[in-house]
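Q:
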Amino acid sequence: MRIAKYPFAVLSAALFTVLLVTPISSISNIIWLSSVDMPISLLSALEVLLFDFQRLGIALFAVFTIAFSIAFTVAGLVSKFTNFGGRNLYAMAGAVAIGVALILMVELLFQTQLLGGNRSFIGKILHWVAGFFGGYFFYNLISSDRSYTFVIRFFGVFYAYFLLGLVINWIFTPASAAADFGFVLDELSDSAQNALLRDFTSFFVATFVFSIFGAITLNPAWFFSAGIVYYGAALFNLMAIYVHGTAYNQIYIGEIVLGTWPTLLALTIIYKNKSSN
Amino acid sequence: MSFRIFLSLFFLSNLYAAYKYETVLDDLDDAWSFVFLDENTILYTELPGNLKIANLIDKTITNISNPPLVHYASQGGLSEVVLDPKFESNRKIYLSYSAKDENNKSTLFLSSAELKDNSLINSKVIFKADAPRRTSVHIGAKIAFLPDGTLLLNSGDGFDHREKAQFLDNHFGKIIRINTDGSVPSNNPFTNIMGALPEIYSYGHRNMQGLLVTSEGDIYEHEHGPKGGDEINLIKSSLNYGWPAITYGIDYSGAVISPFVEKEGMEQPLLYWTPSIAPSDMILYQNNLYPELNGSFLVTALVSKDVKKVIFKDGKNYQESLFSDLNQRLRNIESSPAGVIYLLTDGPGGKLIKVLPKDQ
Chain A
27 MRIAKYPFAV LSAALFTVLL VTPISSISNI IWLSSVDMPI SLLSALEVLL FDFQRLGIAL
87 FAVFTIAFSI AFTVAGLVSK FTNFGGRNLY AMAGAVAIGV ALILMVELLF QTQLLGGNRS
147 FIGKILHWVA GFFGGYFFYN LISSDRSYTF VIRFFGVFYA YFLLGLVINW IFTPASAAAD
207 FGFVLDELSD SAQNALLRDF TSFFVATFVF SIFGAITLNP AWFFSAGIVY YGAALFNLMA
267 IYVHGTAYNQ IYIGEIVLGT WPTLLALTII YKNKSSN
Chain B
236 MSFRIFLSLF FLSNLYAAYK YETVLDDLDD AWSFVFLDEN TILYTELPGN LKIANLIDKT
296 ITNISNPPLV HYASQGGLSE VVLDPKFESN RKIYLSYSAK DENNKSTLFL SSAELKDNSL
356 INSKVIFKAD APRRTSVHIG AKIAFLPDGT LLLNSGDGFD HREKAQFLDN HFGKIIRINT
416 DGSVPSNNPF TNIMGALPEI YSYGHRNMQG LLVTSEGDIY EHEHGPKGGD EINLIKSSLN
476 YGWPAITYGI DYSGAVISPF VEKEGMEQPL LYWTPSIAPS DMILYQNNLY PELNGSFLVT
536 ALVSKDVKKV IFKDGKNYQE SLFSDLNQRL RNIESSPAGV IYLLTDGPGG KLIKVLPKDQ
């Protein structure tokens, strides 16, 4: 697993930096909305923070992964062939990577600033600082040997991160979430609305929680639980189509992917545990 | 009975018959707007800064000399052209465009000029937006006349400056109302407000494209939302249309712009589109050449590549997609003096397409 350490350290550092960066845009936006007397509450602030972490974060994750891959490779070469090295080198590399990535995002995207939090001077500094800590985090990950659990945990957390979008959509904007599944919420009866929101929200929250618990405890039962839920969804989707004559819905492909992902993590844990015994 | 069935089938087939099209002009260089000088002659703009006259019969194209110097970049350049309501006697036209200001920033300009012998003379800048930006995005630039002879102009939010749409000390995200000589009408809503720019008629807008005034004096405007939340608004003096404090869209990056879709003191749109259609122009069609379209708003769209027929009735809206078989990003729509609909396609290599009535 030594070979896998570096790419997964880059991915983990990118995700960690996303966690630090997205609140900069969210909070600057919340402060502005408050300044024009919009009724920002704890709940609406949380809504902005979580949506930004997931939806804005997914795009930034891709950008940061590329930027860190280049920056940390260069830092590694500098470390190998010069006297410079250590955590400060990687931290500086992380800061420069984020700074350059954000400049390029502006110059290559119609010279407009897509990232709201990067429009002010303080925002720019905070993004560089986030990159600095991202580099520092990367150094900590590579500075000691990592076992397979590092990869399992990354994929478990990333799975939960992916599901987070569905979770918060059902919690904060249920009409929009329902529309994505073909329901017009307002046209349902009150009890049907209740059933829909209750069941769908608990479905996605449960699988999100299962994967988080799996990543923390490395108990394969949690990952199996998430896998069973989505395999079940795929199975009953096909049954609905071919037994009950509903419309064809290719979302079963996504359900199989979402079932296979945690199942593979669970099987890997079992296999590794057996090997070590 | 059989005669009734025949009649039903006849009318149904007519209702759903496909429109036919005729490409009248092609290879246009980023054409943005056009206006009819007569049934067979148009005056049109191209974003790089060209103003041209085209004869739609013999297809000859004539360059108009002395157009304004524009900043052609991104979404900006020579944008809207309209004729003065008394054009027949005074030969006056109005042009909106993006150009660099004294600080080398791009902003929206409005000029008047006389069209004489294929040349512009007596050109005069009658308005320069206090909306400087690094590059020409979210310009707005549509022009319409009110029945009292004053002129409305869309001034977009400049993308990076969206928050300024909520403040009255600038022209980002505003509809502007001025006299044709550039002076400010004394009855503009914010003329007596300390710190407010007197040209502002309404505020809280994003990137407005469609703008029209009905014969009753009602003002309709549409604007691009971000990702979702394109809107049609009924514009009234002094009102705040909410952007970006309330919106039905999210940012292109996926970020939340606002968790709110409504607030007291901020106007709701007549309708909104999510996902976005990218509305680019709008007319209120009032002619019987296409009886099925008479009285409808026709909205061209860049992303959905069609024209949305929209009818507002009893507080509801009814929509239908037209001309989607063209499969073109549509930039502009005009009705000729005789009521023939023409569509302008977007981008380099653009076309002017004539829509033939169904019985032709």
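Top line first, the protein sequences correspond to chains A and B. Position one of the first sequence corresponds to residue 27 (the working numbering), numbered consecutively onward. Position one of the second sequence corresponds to residue 236 (the working numbering), numbered consecutively onward. Just so it is clear, CB atoms sit at the ideal spot from N, CA and C, and this is done for glycine as well. Given the structure is predicted, the values throughout are model-derived calculations rather than measurements.
Looking at the unbroken beta strand (DSSP E) that takes in B/PRO514, where does it start and where does it end?
A: It spans 514 to 520 - the beta strand (DSSP E) in which B/PRO514 sits, taken as one unbroken run.
Q: For a test of your reading of the model: does the CB of B/VAL316 fall under 7 Å from any non-hydrogen atom of the ligand ADP? Yes or no.
A: With respect to the ligand ADP, the structure offers nothing, as it holds no ligand at all.
Q: What are the uninterrupted segments assigned as beta strand (DSSP E) that are 3 or more residues long and contained completely in the stretch 308 to 350 of chain B, given in chain order?
A: For the stretch 308 to 350 of chain B, whole beta strand (DSSP E) runs of length 3 or above, ordered along the chain, are 313 to 318, 327 to 335.
Q: Relative to chain B, which residues along the stretch 122 to 155 of chain A have a C-beta separation below 8 Å, given in chain order?
A: Of all residues in the stretch 122 to 155 of chain A, PHE136, GLN137, THR138, GLN139, LEU140, LEU141, GLY142, ARG145 have a Cβ within less than 8 Å of some Cβ in chain B.
Q: For A/TRP58, go through chain B and note every residue whose CB falls closer than 8 Å to its CB, in chain order.
A: Result: GLU398.
Q: Contact defined as beta carbons within less than 8 Å: I believe B/SER333 pairs with B/SER371. What is the distance between those atoms, to the nearest angstrom?
A: 4 Å between Cβ atoms; contact.
Q: Residues of chain A with a CB under 9 Å from the CB of B/VAL372: which are they?
A: Near B/VAL372 (Cβ distances below 9 Å), the residues of chain A are PHE136, GLN137, THR138.
Q: Please confirm whether A/PRO288 and A/GLY253 have their CB atoms less than 8 Å apart.
A: Against a cut-off of 8 Å, the Cβ pair of A/GLY253 and A/PRO288 comes out as a contact.
Q: Ignoring anything shorter than 3 residues, give me the beta strand (DSSP E) runs that lie fully in the stretch 543 to 583 of chain B, in order along the chain.
A: 551 to 557, 565 to 570, 576 to 580, all fully within the stretch 543 to 583 of chain B.
Q: Using a Cβ-Cβ distance under 8 Å, would A/ASN195 count as near chain B?
A: By this cut-off, A/ASN195 is not an interface position.
Q: Below 6 Å CB to CB, which residues in the same chain sit around B/GLY574 once its five sequence neighbours on both sides are set aside?
A: Here the set comprises ASN522, LEU524.
Q: When you compare only the Cα positions, how much space is there between A/PHE42 and B/SER347?
A: C-alpha separation (whole angstroms): 56 Å.
Q: What does a CB cutoff of less than 6 Å around A/LEU76 pick up in its chain, not counting 5 residues either side in sequence?
A: Counting only Cβ-Cβ distances below 6 Å, and skipping sequence neighbours, we find ILE194.
Q: So which residues of chain C does B/ARG412 contact, with C-beta pairs closer than 8 Å?
A: No chain C appears in the structure shown, which is made up of the protein chains A and B.
Q: Distance check for B/ASP581 and A/SER237, CA to CA, integer angstroms please.
A: Their Cα atoms are separated by approximately 48 Å.
Q: Nearest CA to the CA of A/SER146: which residue from A/ILE168, A/SER51, A/LEU130, A/TYR274?
A: If we check each option's Cα against that of A/SER146, A/SER51 comes out closest.
Q: According to DSSP, is B/LEU244 part of a helix, a strand, or is it coil?
A: Because B/LEU244 carries a pLDDT of 44, less than 50, the predicted location of this residue cannot be relied on, and the following value inherits that uncertainty. Note: B/LEU244 maps to helix in three-state DSSP.
Q: Between B/PHE238 and B/ASP594, what straight-line distance do the alpha-carbon atoms span, to the nearest angstrom?
A: Residue placement at B/PHE238 cannot be trusted, given a pLDDT of 48 that sits under 50; the coordinates are not used to answer.
Q: Among the residues of its own chain, which have a CB less than 8 Å from the CB of A/ILE296, if the five just before and after it don't count?
A: These residues qualify, in order along the chain: PRO246.
Q: Is it right to say A/ALA30 is buried, meaning 16 or more other beta carbons lie within 10 angstroms of its own, or is it exposed?
A: When all chains shown are included, A/ALA30 counts as exposed.
Q: Are the C-beta atoms of A/GLU281 and some chain B residue less than 8 Å apart?
A: Cβ-Cβ to chain B under 8 Å: no for A/GLU281.
Q: Between B/PRO302 and B/LEU318, which are expected to be in contact by the criterion C-beta below 8 Å, what is the C-beta distance as a whole number of angstroms?
A: Contact flag wrong, Cβ pair sits at about 16 Å.
Q: Tell me whether the stretch 82 to 101 of chain A and the stretch 146 to 155 of chain A touch, counting them as touching only if at least three CB pairs, one residue from each stretch, are closer than 8 Å.
A: The stretch 82 to 101 of chain A is not in contact with the stretch 146 to 155 of chain A.
Q: Measuring only the C-alpha atoms, how far is B/ALA253 from B/ASN562?
A: B/ALA253 and B/ASN562: Cα-Cα distance of roughly 14 Å.
Q: Are the C-beta of A/ALA186 and some C-beta of chain B separated by less than 8 Å?
A: Not closer than 8 Å to any Cβ of chain B, the Cβ of A/ALA186 fails to qualify, so no.
Q: Can you tell me which of the three DSSP states B/GLY500 falls into?
A: B/GLY500: coil per DSSP, three-state reduction.
Q: Give a yes or no on whether the minimum CB-CB distance between B/LYS498 and chain A is below 8 Å.
A: It does: the Cβ of B/LYS498 has a partner Cβ on chain A nearer than 8 Å.
Q: Taking B/ASP273 as the query, report the chain A residues whose CB atoms sit under 9 Å from its CB, ordered along the chain.
A: In chain order: nothing, as chain A lies at least about 38 Å away.
Q: Per DSSP, what are the beta-bridge partners of B/VAL534 in this structure?
A: Its beta-bridge partners are B/MET517, B/LYS543.
Q: Only counting the same chain, and skipping five residues up and downstream in sequence, which positions put a Cβ closer than 6 Å to that of A/GLY143?
A: So the list reads ILE50, SER51, SER54, GLY149, once near-sequence residues are dropped.
Q: Write down every uninterrupted run of the beta strand (DSSP E) in the stretch 414 to 489 of chain B whose length is 3 residues or greater and which is fully enclosed by it, in chain order.
A: Entirely contained in the stretch 414 to 489 of chain B, the beta strand (DSSP E) runs reaching 3 residues are, in chain order, 435 to 438, 442 to 448, 454 to 459, 465 to 470.
Q: What ranges does the alpha helix (DSSP H) occupy inside the stretch 47 to 89 of chain A, keeping only unbroken runs of at least 4 residues that lie completely in it?
A: If we require 4 residues or more, the alpha helix (DSSP H) runs fully inside the stretch 47 to 89 of chain A come out as 68 to 77.
Q: In its own chain, which residues sit with a C-beta less than 6 Å from the C-beta of B/HIS396, not counting the 5 before and 5 after it?
A: Same-chain partners within the cutoff: PHE407.
Q: Enumerate in chain order the residues of its own chain whose CB-to-CB distance from A/ILE267 is below 6 Å, with the five nearest sequence positions on each side excluded.
A: Cβ neighbours of A/ILE267 beyond the five flanking positions: TYR274.
Q: Along the chain, where does the beta strand (DSSP E) that runs through B/ASN405 open and close?
A: Note, B/ASN405: premise wrong, no beta strand (DSSP E); not H, not E.
Q: Between B/LEU528, B/TYR553, B/LEU469, which has its C-alpha nearest B/TYR520's C-alpha?
A: When each option's Cα is compared against that of B/TYR520, the closest is B/LEU528.
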